[in-house]
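Reading through the structure tokens given below for one structure.
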Amino acid sequence: MPKRRRVDDGPAASEQPEGAPVSPLKRSEEVWFDDGNIVLQAGDKQFKVHRGVLAKHSPIFSDLFQIPHPPDEPTVDGCPIVELHDSPEDIEHVLKALYGLGDYLNSDLNLHISVVAAMIRLGRKYEIPHLSAESMRLLKREYPTTLEENDELDHHSYHNIRVTTPDRARGPSDADETEDETEDETDNFAVILGIVKLAHECHIQSILPALYLQLTRFPLEDILRPDTQLPLDVLRSCICGRDKLLNVWRDRTHAMGRSKKCFSKADCKMSIMSLLEDLKLPDADLASILQPWDTFAEVWDDSLQSLCEECTQEAKELHEKDREATWTSLPELFKLSSWDNLKNV
Numbered sequence: 001m002p003k004r005r006r007v008d009d010g011p012a013a014s015e016q017p018e019g020a021p022v023s024p025l026k027r028s029e030e031v032w033f034d035d036g037n038i039v040l041q042a043g044d045k046q047f048k049v050h051r052g053v054l055a056k057h058s059p060i061f062s063d064l065f066q067i068p069h070p071p072d073e074p075t076v077d078g079c080p081i082v083e084l085h086d087s088p089e090d091i092e093h094v095l096k097a098l099y100g101l102g103d104y105l106n107s108d109l110n111l112h113i114s115v116v117a118a119m120i121r122l123g124r125k126y127e128i129p130h131l132s133a134e135s136m137r138l139l140k141r142e143y144p145t146t147l148e149e150n151d152e153l154d155h156h157s158y159h160n161i162r163v164t165t166p167d168r169a170r171g172p173s174d175a176d177e178t179e180d181e182t183e184d185e186t187d188n189f190a191v192i193l194g195i196v197k198l199a200h201e202c203h204i205q206s207i208l209p210a211l212y213l214q215l216t217r218f219p220l221e222d223i224l225r226p227d228t229q230l231p232l233d234v235l236r237s238c239i240c241g242r243d244k245l246l247n248v249w250r251d252r253t254h255a256m257g258r259s260k261k262c263f264s265k266a267d268c269k270m271s272i273m274s275l276l277e278d279l280k281l282p283d284a285d286l287a288s289i290l291q292p293w294d295t296f297a298e299v300w301d302d303s304l305q306s307l308c309e310e311c312t313q314e315a316k317e318l319h320e321k322d323r324e325a326t327w328t329s330l331p332e333l334f335k336l337s338s339w340d341n342l343k344n345v
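The sequence shown: position 280 = 280 (the UniProt record's numbering), numbered continuously.
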């Protein structure tokens with residue numbers, strides 16, 4: 001008997017191992033249209049949709065639907081079945097976006113990392129550029145290539161692709177609901193790891209410096225855990241970058257508290273020594289070295305509050321000047337290509 005039409009390529013493609021138990025098929029509760037004329041099957045989940053809608057957005061689907069359906073192939077509700085070797089979760093996200101079922105394409109809302117990944121991965125695979133472009137725009141906004149764009153981000157959060165369930169991520173009231181939520185640090189780390197893996201899988205090079213910078217906000221022992229499954233070259237880049245950032249910060253800190261107009265040398269020296277000691281902590285927020293002075297001073301207030309007014313002013317000027325140079329060299333610190341080269345990838 002002829003096999004059903006399939007779309008086999010893509011990172012999620014996989015064949016069922018011989019002899020493995022077969023999960024019973026289930027229908028999508030949200031993407032099942034009674035007047036649909038084609039059934040997509042991904043894993044153990046089926047979606048009843050319209051050829052015309054998919055063909056309008058995707059030349060891949062358009063070409064696929066031109067293939068005649070053999071009369072002896074199985075059907076669902078009289079509709080032909082097309083097997084897709086993608087995860088059912090990815091397919092459901094993409095179909096909801098195409099049918100306008102939720103605010104998936106509203107970049108003002110916080111999106112779950114699984115949604116962002118699905119839009120980029122399948123937007124490219126099925127040649128639906130507006131899906132991948134919107135998620136790419138979100139990623140590049142959150143992990144920018146310029147210091148000015150980085151300054152506009154909320155530095156009190158690890159990221160703005162929030163740790164929310166996919167259902168909440170597309171709700172219109174998310175902005176209000178998440179204002180007072182305390183994000184779990186384990187989930188923060190998982191999301192950053194997910195974006196790192198997505199960036200390498202989909203060759204999104206321009207976000208890597210800012211993304212690796214966010215990784216430095218976590219203890220080294222977390223980054224080195226075996227279950228992170230980070231490639232060796234990524235681990236090497238992050239560890240080297242972290243070490244170099246720490247050296248840059250130490251050099252800058254040693255240059256602070258030395259104003260010729262200092263009127264409290266003992267207190268200022270103690271303040272600088274305190275900051276140097278804080279940098280030895282495993283959870284020291286190294287990414288704050290690139291934040292504007294006011295944000296930086298807020299993070300390290302306990303150490304800096306004893307600086308006299310003159311030393312504080314000189315420390316601020318040094319910080320602002322040095323962070324621009326540090327941002328320029330950020331790709332080099334992480335053993336990446338130059339900003340100019342990365343921006344084109």
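Ideal Cβ placement from N, Cα and C applies to all residues, glycine included.
Shortest alpha-carbon distance to residue i belongs to which of the options?
i: R36; options: T253, D72 and L95; result: The sequence as given places Gly at residue 36; Arg does not occur at that position. Among T253, D72 and L95, the Cα nearest to that of G36 belongs to L95.
i: E83; options: W32, L64, Y99 and I272; result: L64
i: L139; options: Y126, S206, D103 and C79; result: S206
i: M119; options: E89, T146 and L147; result: E89
i: A55; options: P70, D86, E127 and R121; result: E127
i: residue 395; options: S87, A133 and I81; result: Shown here, the chain extends from 1 to 345; a query on residue 395 therefore has no answer.
i: N344; options: S87, K45 and P144; result: P144
i: T328; options: R250, P59, H112 and L147; result: L147
i: C79; options: V49, K197, H93 and Y99; result: V49
i: N188; options: A199, L198, A210 and Q214; result: Q214
i: V33; options: H254, V76 and P331; result: The sequence shown places Phe at residue 33, rather than the Val named in the question. Closest option to F33, Cα to Cα, is V76.
i: R258; options: T312, D340 and L230; result: T312
i: A97; options: D86, I113, Y212 and G123; result: G123
i: H254; options: K197, L318 and Y212; result: L318
i: M256; options: K125, T295 and A315; result: A315
i: A210; options: S338, D278, G43 and I91; result: S338
i: A199; options: G52, A117 and C238; result: A117
i: D302; options: K321, P331 and D267; result: D267
i: L279; options: S114, K260, H57 and L245; result: L245
i: D233; options: V196, P70 and H57; result: V196
i: L290; options: T326, S264 and E277; result: T326
i: P59; options: K125, R137 and I204; result: K125
i: L111; options: P70, S87 and M136; result: M136
i: I204; options: G52, F61, D44 and N341; result: N341
i: F218; options: Q229, E277, D72 and R242; result: R242
i: V53; options: R121, Y99 and H93; result: Y99
i: H85; options: P71, S62 and R121; result: R121
For residue i and residue j, which I take to be in contact (beta-carbon distance under 8 angstroms), what is that distance rounded to the nearest angstrom?
i: P282; j: L220; result: 7 angstroms
i: T216; j: A287; result: 6 angstroms
i: F334; j: C240; result: 7 angstroms
i: E152; j: L101; result: Contact flag wrong, Cβ pair sits at about 31 angstroms.
i: S28; j: Q46; result: 7 angstroms
i: V39; j: I67; result: The pair is not a contact, with the Cβ atoms about 15 angstroms apart (cut-off 8 angstroms).
i: V191; j: I91; result: At roughly 22 angstroms, the Cβ-Cβ gap does not stay under 8 angstroms, so V191 and I91 are not in contact.
i: S237; j: L336; result: 7 angstroms
i: L275; j: W293; result: The pair is not a contact, with the Cβ atoms about 14 angstroms apart (cut-off 8 angstroms).
i: P24; j: D44; result: 7 angstroms
State the start and end residues of the unbroken beta strand (DSSP E) segment that holds residue i.
i: L286; result: Per DSSP, L286 belongs to no beta strand (DSSP E) and is neither H nor E.
i: residue 363; result: Summary: the structure shown does not reach residue 363, with the chain confined to residues 1 through 345, and so no result is reported for it.
i: K26; result: K26 to W32
Less than 7 angstroms between the CB of residue i and some heavy atom of the ligand SAH, yes or no?
i: S114; result: This structure simply doesn't include the ligand SAH, nor any ligand for that matter.
Along the chain, where does the alpha helix (DSSP H) containing residue i start, and where does it finish?
i: K45; result: Per DSSP, K45 belongs to no alpha helix (DSSP H); it is in the beta strand (DSSP E), K45 to V49.
i: C268; result: K265 to D278
i: C311; result: E309 to T328
i: L342; result: W339 to K343
i: D151; result: L147 to D151
i: L336; result: Premise fails: L336 is in no alpha helix (DSSP H) and is neither H nor E.
i: W293; result: W293 to V299
Between residue i and chain D, is the shortest Cβ-Cβ distance under 8 angstroms, so that the two count as touching?
i: D283; result: In the structure shown, chain D cannot be found, because there is only a single protein chain.
Practice task
Write down every uninterrupted run of the alpha helix (DSSP H) in the stretch 52-132 whose length is 4 residues or greater and which is fully enclosed by it, in chain order.
Solution key: Listed in chain order, they are 59-64, 88-98 and 113-125.
Problem - 4 or more residues per run - each alpha helix (DSSP H) lying fully within the stretch 178-244 - result: 185-201, 208-215 and 220-223
Exercise for the section: Could you say if the stretch 307-316 and the stretch 267-282 meet the contact criterion of at least three C-beta pairs nearer than 8 angstroms? Expected result: Because the criterion of three Cβ pairs below 8 angstroms is met, the stretch 307-316 and the stretch 267-282 touch.
Exercise for the section: Could you tell me whether the stretch 221-232 touches the stretch 246-260, using the rule of 3 or more Cβ pairs below 8 angstroms? Expected result: no
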